[in-house]
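Undergrad:
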Amino acid sequence: MPPSSIQNAIVPKDGKYHIDPQNPMNQLRYIEAWYPPGISKTDILWGGNTAKVALLADGTVLKYTWDRTDPYAKKSLDIENSILSILGGHERIVKYLGRHEHGLRFQLAANGDVRRYLSSHDTGESPELVRRKWAKQAAEALAFVHGKGVVHCDIHPNNLLLDGSLDVQLCDFAGSLFGDLDGGAMESVRFRLPRDCRAIPDMKSDLFALGSTTLQSQGPF
Numbered sequence: 001m002p003p004s005s006i007q008n009a010i011v012p013k014d015g016k017y018h019i020d021p022q023n024p025m026n027q028l029r030y031i032e033a034w035y036p037p038g039i040s041k042t043d044i045l046w047g048g049n050t051a052k053v054a055l056l057a058d059g060t061v062l063k064y065t066w067d068r069t070d071p072y073a074k075k076s077l078d079i080e081n082s083i084l085s086i087l088g089g090h091e092r093i094v095k096y097l098g099r100h101e102h103g104l105r106f107q108l109a110a111n112g113d114v115r116r117y118l119s120s121h122d123t124g125e126s127p128e129l130v131r132r133k134w135a136k137q138a139a140e141a142l143a144f145v146h147g148k149g150v151v152h153c154d155i156h157p158n159n160l161l162l163d164g165s166l167d168v169q170l171c172d173f174a175g176s177l178f179g180d181l182d183g184g185a186m187e188s189v190r191f192r193l194p195r196d197c198r199a200i201p202d203m204k205s206d207l208f209a210l211g212s213t214t215l216q217s218q219g220p221f
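Residue numbers (this note's numbering): 1 to 221.
1) Does the segment 29–44 come close enough to the segment 60–79 to have 3 or more Cβ pairs within less than 8 Å?
2) Are residue 186 and residue 151 close, meaning C-beta to C-beta below 8 Å?
3) With DSSP run on the structure shown, which of helix, strand or coil describes residue 69?
4) Could you have a look at residue 46 and say whether DSSP puts it in helix, strand or coil?
5) What does DSSP give as the partner residue(s) for residue 151 in the beta ladder?
6) Output the boundary residues of the alpha helix (DSSP H) element that contains residue 53.
7) Taking DSSP as the reference, what is the three-state secondary structure of residue 35?
8) Pull the bridge partners of residue 17 from the DSSP assignment, please.
9) Going by C-alpha distance, which of 83, 63, 10, 16 is nearest residue 23?
10) Quick test of your reading: residue 73 and residue 51, contact by CB under 8 Å. State the CB separation rounded to the nearest angstrom.
11) Buried or exposed: residue 212, going by 16 or more other Cβ atoms within 10 Å of its Cβ?
12) Would you mind working out which of 94, 115, 113, 149 sits nearest residue 106, comparing C-alpha positions?
13) Using only CA atoms, which one of 28, 198, 43 lies nearest to residue 57?
14) Please tell me whether residue 176 and residue 153 are closer than 8 Å, where the distance is taken between their beta carbons.
15) So, at 6 Å on beta carbons, what are the nonlocal neighbours of residue 164 in its own chain, with the 5 sequence-adjacent residues on each side left out?
16) If you drop the 5 nearest sequence neighbours on each side, which residues of the same chain put their C-beta closer than 6 Å to that of residue 209?
17) With residue 168 and residue 137 assumed to form a contact (beta carbons below 8 Å), what rounded beta-carbon distance in angstroms separates them?
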């Protein structure tokens, strides 16, 4: 994994890595914000460790690296493209529309992701039924992915999108594992199967993360 890179850090604006004054075990580098042509700050839907997702003028979304000089981030998008191409289309997988000049294009998930949806919406008179449906659909997505020999490596509610019908679509394969393709991701602590910290994620750890995800509202530990 590369050293951490963050925007607006109190470090010299020279593009070089510097010791984090708050955590000497970490390194920081100032990165000037940039947006692909046709995209502005208001178009950003979500941002992660290496990439941002923005709404394009045609209603689709673009996933692009926020640090254009980071080879790890670029490699992650290449891996995601390869794995999504291997998986092909499936109703429980985010709809991939192919490469874009500045990243990867996807169909917009009209209702965002499960975590954000639950924090801002009432699931109706039968919230348990809705959650059961989502859990079943997430399991269907993971079964399909594993059937193709792919390990997702980072299952959690943010990576479960909801389409216009409130059906689940699994997303974010930039850190996934398939044969020689290794995005290097690891589950978040809350969803991680207890094991040696050096152990590579596998289908068993994916399943543990899925189980933890279904218990998100109360937490298994």
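Positions of the beta carbon are idealized from the N, C-alpha and C atoms, including for glycine.
TA: So, from the data block:
1) yes
2) No. Outside cutoff.
3) The answer is coil: DSSP assigns residue 69 none of H, G, I, E or B.
4) strand
5) 177
6) No alpha helix (DSSP H) contains residue 53, which is instead part of the beta strand (DSSP E) from 51–55.
7) coil
8) Its beta-bridge partners do not exist; DSSP assigns none.
9) 10
10) Yes, residue 73 and residue 51 are in contact; Cβ-Cβ is about 7 Å, under 8 Å.
11) buried
12) 94
13) 43
14) yes
15) 110
16) 155, 187, 191
17) 4 Å
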